[in-house]
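Have a look at the structure below before the remarks.
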Amino acid sequence: MNDGNNGFSSIITGFYDELVTTERKSHLTAETYRSAIFLLEKWCIKNDVALKDLSVRHLTLYFAERRLEADELTVARDISAVRSFGAYLERNGIWERNYSLLLERPKAHRPLPRVLSVEQIEEILSVIDVSTPLGIRDRALFELIYSSGLRISEASGLLLQNVHIDECLLWVRGKGDKERLAPFGGEALKWLKQWLSEARPLIVGSRAVPWVFVNYQGKQFSRKGIWKRFKEIEAQVGLDTKVHTLRHSFATHLLAGGADLRSVQELLGHSDLSTTQIYTHVSNEELQAYHSEFFPDIKKEE
64 MNDGNNGFSS IITGFYDELV TTERKSHLTA ETYRSAIFLL EKWCIKNDVA
114 LKDLSVRHLT LYFAERRLEA DELTVARDIS AVRSFGAYLE RNGIWERNYS
164 LLLERPKAHR PLPRVLSVEQ IEEILSVIDV STPLGIRDRA LFELIYSSGL
214 RISEASGLLL QNVHIDECLL WVRGKGDKER LAPFGGEALK WLKQWLSEAR
264 PLIVGSRAVP WVFVNYQGKQ FSRKGIWKRF KEIEAQVGLD TKVHTLRHSF
314 ATHLLAGGAD LRSVQELLGH SDLSTTQIYT HVSNEELQAY HSEFFPDIKK
364 EE
């Protein structure tokens, strides 16, 4: 069993392939899980423990050490990865049973997402220089992300065939290849039309490029490229935030405007309603902040 790395290499490859092809995990999730298993592999090599000999005691020792160097959210994520890996090992007869299911996940405190006000979003969008084709692209891109609550990966991978201009709808492929319809508003429509009809043809020319948003070379505008461009734009207005904050703001503004939680769940593409519920806490905190601002001397009764 010992092939120089305690039998991990080919097994980790098989595990990764199964995550992507059979379990339909996103490549990002599969890569996150694989990275977690690589860390476990390093620990096993260091402690001379073969994969087939891993026990609950070994796993407990490993995660006790892991807690000293990582926060609770990271440890909880790593335990999820090891549980998935353990299920794979059990299916393939390497473990008699999935010992990792006996591990207790830490109850990690999930920080509330940061949300921008409507005025802050308008400020970010207004500083984009739309005198160039790429500027029009940026305005259309970030208007659409906010208007539809897109993830950065969804915006990067959006295909022309999945944009329905007349209906103001996008057909979006999200996490785990889950698909959903995402409507968008008038301002996003205005800039998207200008991008598609005027600016984009100047970049791609006569080439058949399937993606809606492209870089200066006419290739797919990558997640990293979108992130970098947003950082440049936000620096102009003196904010320190993320592209994903536009999605958080989209959800929070919908709820604040009276949308019901189930509808917001569908629009965001969340599998679990509890994921969406975090935005109700954001709204509650905002209400408390407004109350404290306007009624600073009122104290709660003991």
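Take our numbering: the final residue in the sequence shown is number 365, and no numbers are missing along the way. Think of the CB as a built atom: it goes at the ideal place given N, C-alpha and C, for glycine as much as any other residue.
Between the beta-carbon of residue i and the beta-carbon of residue j, is there less than 8 Å?
i: Pro216; j: Pro246; result: Reading off the sequence, residue 216 comes out as Ser, not Pro. Not a contact, by the Cβ cut-off of 8 Å.
i: Leu221; j: Trp258; result: no
i: Leu213; j: Cys231; result: no
i: Leu331; j: Ala319; result: no
i: Arg243; j: Glu329; result: yes
i: Ala99; j: Arg140; result: yes
i: Lys88; j: Ile157; result: no
i: Ile208; j: Leu309; result: yes
i: Val145; j: Leu82; result: no
i: Thr95; j: Arg177; result: no
Whole angstroms is fine: what's the gap from residue i's alpha carbon to residue j's?
i: Thr137; j: Ala203; result: 35 Å
i: Leu179; j: Asp323; result: 20 Å
i: Gly249; j: Asp192; result: 20 Å
i: Ala218; j: Gly237; result: 10 Å
i: Val226; j: Trp234; result: 7 Å
i: Thr123; j: Glu167; result: 9 Å
i: Phe78; j: Ser147; result: 9 Å
i: Gln201; j: Ile289; result: In the sequence on display, residue 201 carries Asp and not Gln. Cα-Cα distance, rounded: 9 Å.
i: Val267; j: Lys109; result: 52 Å
i: Val112; j: Val119; result: 13 Å
i: Ile74; j: His311; result: 38 Å
i: Lys282; j: Leu117; result: 46 Å
i: Arg97; j: Val306; result: 26 Å
i: Asn161; j: His121; result: 13 Å
i: Ala150; j: Glu159; result: 10 Å
i: Phe71; j: Leu317; result: 47 Å
i: Gly239; j: Arg286; result: 17 Å
i: Glu128; j: Asp134; result: 12 Å
i: Phe101; j: Thr92; result: 14 Å
For residue i, which option in the options has the closest C-alpha, if you only look at C-alpha atoms?
i: Ser165; options: Glu185, Lys282 and Ile142; result: This sequence places Leu at residue 165; Ser is not what is there. The shortest Cα separation from Leu165 among Glu185, Lys282 and Ile142 belongs to Ile142.
i: Val190; options: Arg286, Gly332, Glu86 and Arg292; result: Arg292
i: Leu188; options: Thr315, Ile296 and Ser194; result: Ile296
i: Ala262; options: Lys109, Arg87, Pro196 and Gln280; result: Pro196
i: Ile228; options: Lys241, Lys256 and Val235; result: Lys256
i: Leu194; options: Tyr151, Tyr96, Trp254 and Cys107; result: In the sequence on display, residue 194 carries Ser and not Leu. Among Tyr151, Tyr96, Trp254 and Cys107, the Cα nearest to that of Ser194 is on Trp254.
i: Ala298; options: Glu132, Glu86 and Gln183; result: Gln183
i: Lys294; options: Arg325, Phe205 and Trp106; result: Phe205
i: Glu86; options: Asn278, Lys241 and Leu265; result: Lys241
i: Gly301; options: Phe126, Glu186, Gln280 and Phe284; result: Glu186
i: Ser260; options: Leu152, Leu223, Cys107 and Phe126; result: Leu223
What does DSSP give as the partner residues of residue i in its beta bridges?
i: His90; result: Answer is none; His90 lacks a bridge partner.
i: Ser190; result: Residue identity check: residue 190 is Val in the sequence provided, not Ser. The partner list for Val190 (beta bridge, DSSP) is empty, contrary to what the question assumes.
i: Leu232; result: His227 and Pro246
Taking 7 Å as the cut-off, does the CB of residue i come closer than this to any heavy atom belonging to the ligand ZN?
i: Asp141; result: As far as ligands go, the structure on display features none, and thus does not contain the ligand ZN.
Original post:
Which full runs of the beta strand (DSSP E) of 3+ residues lie inside the region 197–224, going along the chain?
Top reply: none
Original post:
What are the start and end residues of each continuous beta strand (DSSP E) run of 3 or more residues lying completely inside the region 97–184, in chain order?
Top reply: none
Subject >> 4 or more residues per run - each alpha helix (DSSP H) lying fully within the region 260–348 >> reply: 263–267, 286–299, 307–319 and 324–331
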